[in-house]
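Asker: For the sequence shown, full-length UniProt numbering gives the first residue as 1, with consecutive numbering after it.
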Amino acid sequence: MIVAGISSFNKVLPGMIEPSGRRVLLDEVKPTAMGTPGIQPPMNQPPAEQASFGEVLSNAINSVNQAQMDSAEAQKALLNGEPIELHDVMIKAEEAGLTLDLMLEIRNKLLNGYNELIHMPM
Numbered sequence: 001m002i003v004a005g006i007s008s009f010n011k012v013l014p015g016m017i018e019p020s021g022r023r024v025l026l027d028e029v030k031p032t033a034m035g036t037p038g039i040q041p042p043m044n045q046p047p048a049e050q051a052s053f054g055e056v057l058s059n060a061i062n063s064v065n066q067a068q069m070d071s072a073e074a075q076k077a078l079l080n081g082e083p084i085e086l087h088d089v090m091i092k093a094e095e096a097g098l099t100l101d102l103m104l105e106i107r108n109k110l111l112n113g114y115n116e117l118i119h120m121p122m
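1. I'd like to check one pair, ALA74 with VAL89: are the Cβ atoms closer than 8 Å?
2. How long is the line joining the alpha carbons of ALA77 and ALA48, rounded to whole angstroms?
3. Over what stretch of residues does the alpha helix (DSSP H) that includes GLY97 continue unbroken?
4. Can you give me the start and stop residues for the alpha helix (DSSP H) that ALA74 sits inside?
5. What's the call for LYS109, buried or exposed, on a 16-neighbour Cβ count within 10 Å?
6. Quick check on this structure: which residue in ILE106, ALA67, ASN80, ASN115 has the alpha carbon closest to the alpha carbon of VAL56?
7. Measure the alpha-carbon distance for SER52 versus GLY81 and round it to whole angstroms.
8. Kindly indicate which three-state DSSP category MET122 falls into: helix, strand or coil?
9. Given a cut-off of 8 Å on the beta-carbon distance, is the pair LYS92 and SER58 in contact?
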């Protein structure tokens, strides 16, 4: 009796993840989407202009810097007695800290990747 209960427990229902890692629901939707009028494969269009890696990195650094400056400005306004809510100051400080932590993690990952490439045998 226990074996019968286990076999029904292992049944894969739609939307669940199979042991192979694929979703059953995806297998059901894919043929329908391909046969639907109006859904066409992408045409050979020229790629849209994309920002270079340096530009993306520069924008991210500027964003972190701006968050730090906004936080410092809010703290200064609070200390000077200007009408600003304490929770707004705390939110800006936390956002600045999180953006800085994220930037440091990205830097660490980039450096690790660079070091792996440099030490890769040729």
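From the three backbone atoms N, C-alpha and C, an ideal C-beta is built for every residue, glycine too.
Answerer: According to the structure data:
1. Taking 8 Å as the cut-off, the beta carbon of VAL89 is found closer than this to the beta carbon of ALA74.
2. Cα-Cα distance, rounded: 43 Å.
3. For GLY97, the uninterrupted alpha helix (DSSP H) segment begins and ends at 86-118.
4. Element bounds for ALA74: 53-79.
5. LYS109 counts as exposed, since fewer than 16 other C-beta atoms from the protein chains shown sit within 10 angstroms of its C-beta.
6. The option with the nearest alpha carbon to VAL56 is ILE106.
7. If you take the alpha carbons of SER52 and GLY81, they lie about 44 Å apart.
8. Coil.
9. Result no, Cβ atoms of LYS92 and SER58 do not sit closer than 8 Å.
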